[in-house]
């Protein structure tokens, strides 16, 4: 029995769970969100198979099934990252000698996630509405991400020099807001305050340095449930069909339309790569 177990080696699920326990605490919450389903699917697929007997063709079949289900290119890429991490962990611990994931490519022609800006009508509504939710105004005029906007405190805003210092991000662990660093190194940046946004910020009476700009109480960021409630309420009140992320893309689109070069836009919105 010992010889048989030794020859078979560890199962995929044993190694996968070991990898997850070792690494999941080091992942940012934004990374955990797409990695969790990828991890579950990998364990579901390869489960009790001896990890040393999983071949490149098995991995190729796995990716092909994901493609047939209509998974987007970015999603399949996340699934491959997780699977590759598990096999790399197995190599590091001497469970296997070759990573079967390395030689397998993601199927070609997978649909790409399309990024859409808000409609011109929605943009105009946010611009002209005196009662527009400040969150949406900031998103449209800075291109900042949802979590970055939720993390802004007045001490991050330099009204004298018209700058916002982006150094943190709010992610949600379930409903609970957790303050972390931005998603990427490029997320640590300085964003200019355009005149229209400055005019709106100056209308805020309580600008205590420690106060969160988008908050019910000022002393802590919004919970995820509260953010969703306020977002839905604003869409209904102002008759908007866009999301905060659509407004982020509107900023980038408008920046190009007024002649900003691509590299400048990349830096302002906090992308790591110009592509």
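Residue numbers (this note's numbering): 3 to 277.
Backbone N, C-alpha and C fix where the C-beta goes; we use that ideal spot for every residue, glycine too.
A quick note: this is a predicted structure, and the numbers were derived from the prediction, not measured.
### Message
Does residue 147 pass the burial test, meaning 16 or more other C-beta atoms within 10 Å, or should it be called exposed?
### Response
buried
### Query
Hey, quick one: how far does the beta strand (DSSP E) through residue 171 stretch, first residue to last?
171 to 175
### Query
So, residue 157 versus residue 212, is the Cβ gap smaller than 8 Å?
yes
### Query
Between residue 275 and residue 117, what straight-line distance do the alpha-carbon atoms span, to the nearest angstrom?
16 Å
### Task
Would you kindly check if the distance between the Cβ of residue 242 and the Cβ of residue 124 is under 8 Å?
yes
### Task
Kindly identify the DSSP beta-bridge partner or partners of residue 263.
According to DSSP, residue 263 bridges with nothing at all.
### Query
Leaving out the 5 sequence neighbours to the left and right, which residues in its chain are closer than 7 Å to residue 151 when beta-carbon positions are compared?
137, 140, 141 and 216
### Message
Going by DSSP, what residue range makes up the beta strand (DSSP E) through residue 167?
### Response
165 to 168
### Task
May I have the straight-line CA-CA distance separating residue 267 from residue 197, to the nearest angstrom?
18 Å
### Task
Determine the closest residue to residue 6 out of 52, 245 and 127, with distance taken between C-alpha atoms.
52
### Task
Along the beta strand (DSSP E) that carries residue 122, what are the first and last residues, could you check?
Here residue 122 belongs to no beta strand (DSSP E); instead the alpha helix (DSSP H) covers 122 to 130.
### Query
Pick from 249, 271 and 209: whose alpha carbon is nearest that of residue 120?
249
### Message
Taking 8 Å as the threshold (C-beta atoms), are residue 240 and residue 126 in contact?
### Response
no
### Message
Could you tell me the alpha carbon to alpha carbon distance between residue 21 and residue 36, rounded to whole angstroms?
### Response
16 Å
### Query
Applying the criterion that 16 or more other CB atoms from any shown protein chain within 10 Å of the CB defines a buried residue, is residue 258 buried or exposed?
exposed
### Message
Give me, in chain order, the residues of the same chain whose beta-carbon lies closer than 8 Å to that of residue 180; leave out the 5 immediate sequence neighbours on both sides.
### Response
31, 172, 173 and 174
### Query
Since residue 109 and residue 65 are thought to touch, with beta carbons under 8 Å apart, how far apart are those beta carbons, to the nearest angstrom?
6 Å
### Query
Is the beta carbon of residue 101 less than 8 Å from the beta carbon of residue 89?
yes
### Task
Using alpha carbons as the reference points, say which of 17, 129 and 153 lies closest to residue 223.
153
### Query
Do residue 61 and residue 122 have their C-beta atoms within less than 8 Å of each other?
no
#### Entry: Cβ-based burial, residue 57 [other Cβ within 10 Å; buried from 16]
exposed
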